[in-house]
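For reference, the structure is listed below as structure tokens.
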Amino acid sequence: MYEQVSHSLLNDILIALKPEIKNQKLQHFYTRLGANFYAIHSLFCSLYGARPDFKKQMQHLVETMAKQYISRPAYLKKTDLAREKDHNWFLSQEWVGMALYCDNFADNLSGMHNKLHYLQDLGVNLVHIMPIADCPEGKSDGGYAVRDFRKIDSRFGSLKDLDSLASDLRKRGMLLTLDIVVNHTSDEHVWAKKARAGEKEYQDYYFIFGDRQMPDMYEETMPEVFPETAPGNFTWDEEMGKWVMTVFNHYQWDLNYQNPAVFIEMLDIVLYWANHGVDILRLDAVAFLWKKLGSNCQNEREAHQILQLMKDCCQVTAPGVLFIAEAIVAPNEIIKYFGEDAINAKECEIAYNATFMALLWEAIATKRTTLLNRGVRCLPDKLERATWLNYVRCHDDIGWGFSDVDIVAAGYDPQSHRRFLVDYYTGNYDDSIARGLAFGINKKTGDARISGSLASLAGLEAAIEANNQDEIEAAIKTIVLLQSMTMAFGGIPLLYYGDAIGTLNDDSYLNDAAKFDDNRWIHRPLMNWDKAAKRKQPGTIENRIFTAIRNMIAVRKETAAFADRNNRELISMDNPHLFAFSRFDVLNASSKVLVVGNFDINPQSFELAPMLKMGFFRNGSFKSLCSGETFLTSVATVEVPARSFLWLQT
Ligand code: OTU
246 MYEQVSHSLL NDILIALKPE IKNQKLQHFY TRLGANFYAI HSLFCSLYGA RPDFKKQMQH
306 LVETMAKQYI SRPAYLKKTD LAREKDHNWF LSQEWVGMAL YCDNFADNLS GMHNKLHYLQ
366 DLGVNLVHIM PIADCPEGKS DGGYAVRDFR KIDSRFGSLK DLDSLASDLR KRGMLLTLDI
426 VVNHTSDEHV WAKKARAGEK EYQDYYFIFG DRQMPDMYEE TMPEVFPETA PGNFTWDEEM
486 GKWVMTVFNH YQWDLNYQNP AVFIEMLDIV LYWANHGVDI LRLDAVAFLW KKLGSNCQNE
546 REAHQILQLM KDCCQVTAPG VLFIAEAIVA PNEIIKYFGE DAINAKECEI AYNATFMALL
606 WEAIATKRTT LLNRGVRCLP DKLERATWLN YVRCHDDIGW GFSDVDIVAA GYDPQSHRRF
666 LVDYYTGNYD DSIARGLAFG INKKTGDARI SGSLASLAGL EAAIEANNQD EIEAAIKTIV
726 LLQSMTMAFG GIPLLYYGDA IGTLNDDSYL NDAAKFDDNR WIHRPLMNWD KAAKRKQPGT
786 IENRIFTAIR NMIAVRKETA AFADRNNREL ISMDNPHLFA FSRFDVLNAS SKVLVVGNFD
846 INPQSFELAP MLKMGFFRNG SFKSLCSGET FLTSVATVEV PARSFLWLQT
């Protein structure tokens with residue numbers, strides 16, 4: 246019955262299409278629309294069906310998709326078809342990413358061309374260029390407070406520069422990732438300006454209230470994202486004389502997706518960037534897309550429906566484009582951003598694996614892998630056509646978002662364990678030389694997160710200052726160990742610019758009035774190209790880190806077992822300092838890799854007999870993939886040096 250309704254609505258919509266759309270060649274568009282319309286219609290109906298203008302909005306939605314399909318360049322339509330055929334293409338082990346700010350890394354977008362060889366030297370073939378859309382200077386939240394979604398900030402260059410970079414990347418077989426800040430706009434966006442000027446139509450784009458009644462009700466259950474710099478979730482706008490919902494900074498106005506016009510505008514922006522050759526779109530802060538009184542306004546069912554709808558619409562117009570969900574939420578919530586099942590409710594193909602990231606840092610601090618093992622074991626299975634973005638550091642802080650239940654099961658008290666981690670990474674703990682800063686300290690809850698560069702958190706900064714060679718060695722090992730885990734875990738490893746050469750904290754942000762109160766800037770430095778050049782001098786710190794990572798990337802790419810096909814098994818080692826799992830080649834299950842990480846500062850070993858029983862190393866010998874060393878299975882135990890890893894293949 247419902248399917249019939251949906252079918253006849255589609256007919257009406259197609260008949261009513263404007264002649265300039267109807268007269269185009271839209272064969273693939275119609276096929277895909279037909280295949281996805283039932284899902285699109287039911288989602289749109291469940292979100293907006295109660296509105297009197299529902300049919301009009303639906304028409305507008307289809308027209309938006311059709312127009313963007315018409316303007317999609319032929320070469321991208323070709324890529325769409327190829328990717329539709331090989332629809333698991335992104336699960337391959339060949340992809341390795343890096344996130345970078347184009348201005349810090351290369352002055353601007355056109356400067357990027359001359360730096361791509363550095364990425365290729367390392368083996369990186371997926372570039373996430375941090376937000377480049379137009380933002381007000383000084384009120385940009387690092388690019389996440391967008392004033393004009395379709396304009397590139399003049400600091401970074403022009404649309405032409407981006408097009409030329411996209412084409413250069415394509416020729417080199419590299420993928421381009423850009424951000425779409427779907428949850429909010431800058432308070433200087435034209436919609437916000439119109440709202441401020443009193444236009445009701447645009448006030449409906451946001452959550453705007455004349456008095457404190459609704460804001461107070463929301464505040465009862467909404468947590469604070471930036472408690473120090475932007476406490477509360479509402480900001481008084483003097484000019485409008487009203488309260489605006491601002492979950493992040495005071496100048497970031499939350500978009501109201503209860504209004505279908507907002508959804509259609511944002512979809513149009515998503516498709517606009519898809520048509521500029523972006524392969525992967527990082528959707529920022531997706532957990533926050535739906536606000537509901539009485540809830541923490543994160544991970545709401547409707548937020549998922551919005552993402553499903555966005556995916557289905559993108560599938561019709563630009564099916565070759567993937568979405569990354571940036572949802573830094575609990576493990577059982579993150580998993581839902583992949584969708585519920587691959588056919589009926591697909592969402593984002595890729596999601597940040599914040600759980601794994603935080604667990605890795607926890608294991609470094611405790612030197613034990615109890616929580617890491619537990620946390621990974623409890624990570625729910627993801628869909629088949631979905632993959633993680635595995636990372637050690639990114640432009641944001643590290644939050645201790647693992648589940649309390651797991652912390653307790655690992656034998657710790659949640660609150661004091663989180664406090665310990667903050668102490669450890671700020672260097673306020675006996676044996677810690679980490680140089681992190683506490684970020685987002687919440688006086689009410691006692692929570693805090695951590696800022697700092699990978700190298701400084703791993704102890705390299707303090708070790709260099711003390712000129713302590715052993716500590717330098719240990720820090721390098723820690724860095725390489727952490728990266729070895731993200732390379733082998735299953736998913737796309739995402740490096741952060743500067744981390745392959747041991748970039749330390751940079752406190753120059755303290756002299757910038759627009760940055761000094763947000764210490765995440767301590768790990769967003771200018772890329773130091775003189776330092777990068779030292780990667781070629783044997784024996785330097787830069788050389789040791791860079792070559793180790795480059796080697797891992799090369800090995801990863803040639804090891805089919807590292808493709809992400811839900812082909813990982815955790816292995817208990819009976820040693821609280823080791824973290825071990827196996828990866829197998831789905832086409833050749835006997836081709837296995839055993840990954841072992843030792844998080845302790847002393848060597849640790851494991852017995853071979855149980856491994857042989859599990860079916861590893863049947864050939865009488867096994868090989869370490871990174872060092873090339875061969876071992877005989879006649880040895881009783883295998884030693885893993887302090888803060889080191891092994892990738893062993895029979
Ligand atoms: C994201 O962050 C971005 O990565 C941050 O750089 C932005 O400040 C923020 O959105 C606002 O656009 O929303 O889903 O420190 O981890 O704010 C998670 C907290 C986010 C960040 C969190 C995150």
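Okay, so the sequence shown: first residue is 246 according to the numbering used here, each after it adds one. Ideal Cβ placement from N, Cα and C applies to all residues, glycine included.
Minimum C-alpha distance to Gly646 - residue among Asp692, Lys612 and Ala683: Numbered from 1 along the sequence shown, position 401 holds the residue referred to as residue 646. Among Asp692, Lys612 and Ala683, the Cα nearest to that of Gly646 belongs to Asp692.
Using only the heavy atoms of the ligand OTU, determine whether one of them is closer than 8 Å to the beta carbon of Tyr389. As a working note, residue 389 is residue 144 in the sequence shown. Yes, the beta carbon of Tyr389 sits closer than 8 Å to at least one heavy atom of the ligand OTU.
Beta-bridge pairing of Leu423 - partner residues as DSSP gives them: Taking the sequence shown and counting its residues from 1, one reaches residue 423 at position 178. Looking at the DSSP assignment, Leu423 forms a beta bridge with Leu526.
Exposure label - Phe761; buried when at least 16 CB within 10 Å: Your numbering for residue 761 matches position 516 in the sequence shown. Exposed, since its Cβ has fewer than 16 Cβ neighbours within 10 Å.
I'd like to check one pair, Cys559 with Phe226: are the Cβ atoms closer than 9 Å? Since the first residue shown for the chain is 246 and the last is 895, residue 226 is missing from the structure and cannot be characterised.
How big is the Cα-Cα spacing for Cys871 and Leu367? Start at 1 with the first residue of the sequence shown, and residue 871 comes out as number 626. Start at 1 with the first residue of the sequence shown, and residue 367 comes out as number 122. Whole-angstrom Cα-Cα distance: 15 Å.
So the candidates are Lys267, Asn333 and Tyr283; which of them puts its Cα closest to the Cα of Ile595? As a first step, residue 595 must be located in the sequence shown, where it is residue number 350. Nearest of Lys267, Asn333 and Tyr283 to Ile595, Cα basis: Asn333.
Buried or exposed: where does Asn268 fall if 16 or more other Cβ atoms within 10 Å of its Cβ makes it buried? Start at 1 with the first residue of the sequence shown, and residue 268 comes out as number 23. Classification of Asn268: exposed, given that the 10 Å Cβ count is below 16.
Go ahead and label Lys360 buried or exposed: buried means 16 or more other beta carbons lie within 10 angstroms of its beta carbon, across all protein chains shown. For the purposes of this step, residue 360 is taken as the residue at position 115 of the sequence shown. Counting Cβ neighbours within 10 Å, Lys360 comes out buried, since at least 16 surround it.
Quick one: residues in its chain with C-beta nearer than 6 Å to the C-beta of Leu705, no 5 flanking neighbours on either side, listed in chain order? Looking up residue 705 in the sequence shown gives position 460. Around Leu705: Ala720 and Gly747.
Which of the three DSSP states, helix, strand or coil, is assigned to Pro460? The count along the sequence shown starts at 1 and reaches residue 460 at position 215. Pro460: helix per DSSP, three-state reduction.
Got a sec? Which residues, its chain only, sit under 6 Å from Gln448 by beta carbon, not counting five neighbours each side? Against the sequence shown, residue 448 aligns to sequence position 203. Closer than 6 Å at Cβ, skipping near neighbours: Ala440.
Is the beta carbon of Arg680 closer than 9 Å to that of Leu634? As a first step, residue 634 is located in the sequence shown; it is residue number 389 there, counting from the start. As a first step, residue 680 is located in the sequence shown; it is residue number 435 there, counting from the start. For Leu634 and Arg680, no; Cβs fall outside 9 Å.
Inter-residue Cα distance where the pair is Asp298 and Ser836: As a working note, residue 298 is residue 53 in the sequence shown. As a working note, residue 836 is residue 591 in the sequence shown. Near 58 Å, if we compare the C-alpha coordinates of Ser836 and Asp298.
Around the C-beta of Ile573, are 16 or more other C-beta atoms found within 10 angstroms, so that it is buried, or is it exposed? On the sequence shown, residue 573 is found 328 positions in, with the first residue counted as 1. Buried is the call here.
Nearest residue (CA-CA) to Tyr517, options Ala311, Ser291 and Tyr275: Your numbering for residue 517 matches position 272 in the sequence shown. Of the candidates Ala311, Ser291 and Tyr275, the one whose C-alpha sits nearest the C-alpha of Tyr517 is Ala311.
CA-CA distance, Gly443 and Cys639? Indexing the sequence shown from 1 puts residue 443 at position 198. Indexing the sequence shown from 1 puts residue 639 at position 394. Going by the C-alpha atoms only, they are around 39 Å apart.
Short of 7 Å in beta carbon distance, which residues of its chain neighbour Thr600, apart from the five on each side in sequence? Order them along the chain. Numbered from 1 along the sequence shown, position 355 holds the residue referred to as residue 600. Contacts found: Pro576, Ile579, Gly620, Leu624, Gly646 and Phe647.
Beta-carbon within less than 6 Å of Leu839's beta-carbon, same chain only, minus the 5 sequence neighbours each way: which residues are those? Within the sequence shown, residue 839 is the residue found at index 594, counting from 1. Ser827, Phe861 and Leu893, listed in sequence order.
Between which residues of its own chain and Met602 is the CB-CB distance below 6 Å, once the five residues before and five after are set aside? Stepping through the sequence shown from its first residue, residue 602 is reached at position 357. Answer for Met602: Tyr636, listed in chain order.
Decide if Val341 is buried, meaning its Cβ has at least 16 other Cβ atoms within 10 Å, or exposed. If you number the sequence shown from 1, residue 341 lands on position 96. Buried, since its Cβ has 16 or more Cβ neighbours within 10 Å.
Grouping DSSP H, G and I as helix and E and B as strand, with all else coil, what is Asp757? Position 512 of the sequence shown, counting from 1, holds the residue named residue 757. Asp757: coil per DSSP, three-state reduction.
Inside the segment 785-821 only - alpha helix (DSSP H) runs reaching at least 4 residues: 786-802
DSSP state of Arg395, grouped into three classes? For this step, residue 395 is matched to residue 150 along the sequence shown. Here Arg395 sits in strand by DSSP.
Can you check which of these residues, Lys263, Cys347 and Lys300, is closest to Tyr210 by C-alpha distance? The structure shown does not extend to residue 210, since the chain is modelled only from 246 through 895, so no value can be given for it.
Given this structure, state the Cα-to-Cα distance separating Pro468 from Asp408, to the nearest angstrom. For the purposes of this step, residue 468 is identified with residue 223 of the sequence shown, where counting begins at 1. For the purposes of this step, residue 408 is identified with residue 163 of the sequence shown, where counting begins at 1. Rounded to the nearest angstrom, the two C-alpha atoms are 40 Å apart.
Rounded C-beta distance between Phe896 and Thr792? I'm assuming under 8 Å. Residue numbering for the chain in the displayed model covers 246 to 895; residue 896 lies beyond these limits and cannot be assessed.
Specify whether the segment 490-507 and the segment 379-395 touch according to this definition: at least 3 beta carbon pairs, one from each stretch, less than 8 Å apart. yes
Contact set for Asp752: own chain, Cβ-Cβ below 8 Å, skip 5 residues either direction: Indexing the sequence shown from 1 puts residue 752 at position 507. Excluding residues within five positions, the ones whose Cβ falls inside 8 Å are Ile767.
Using only the alpha-carbon positions, how far apart do Ser677 and Thr309 sit? In the sequence shown, residue 677 corresponds to position 432, counting from 1. In the sequence shown, residue 309 corresponds to position 64, counting from 1. Answer to the nearest angstrom: the Cα atoms are 55 Å apart.
Rounded Cβ spacing between Asp626 and Asn756 (contact assumed at less than 8 Å): For this step, residue 626 is matched to residue 381 along the sequence shown. For this step, residue 756 is matched to residue 511 along the sequence shown. No, Asp626 and Asn756 are not in contact; Cβ-Cβ is about 48 Å, not under 8 Å.
Which same chain residues, not among the five before or five after Val523, have their C-beta less than 8 Å away from its C-beta? Position 278 of the sequence shown holds residue 523. Excluding residues within five positions, the ones whose Cβ falls inside 8 Å are Ala411, Leu421, Thr422, Leu423 and Val566.
From the DSSP output, in three-state form, read off Ile695 for me. Within the sequence shown, residue 695 is the residue found at index 450, counting from 1. Correct three-state label for Ile695: strand.
Secondary structure at Leu414, three-state DSSP: helix, strand or coil? The residue labelled residue 414 in the question sits at position 169 within the sequence shown. The answer is helix: DSSP assigns Leu414 an H, G or I state.
From the DSSP output, in three-state form, read off Asp762 for me. Along the sequence shown, read from residue 1 onward, the residue named residue 762 stands at position 517. Correct three-state label for Asp762: coil.
Element boundaries [beta strand (DSSP E), containing Ser869]: Working through the sequence shown from its first residue, we reach residue 869 at position 624. Ser866 to Ser869 is the span of the beta strand (DSSP E), which, as asked, contains Ser869.
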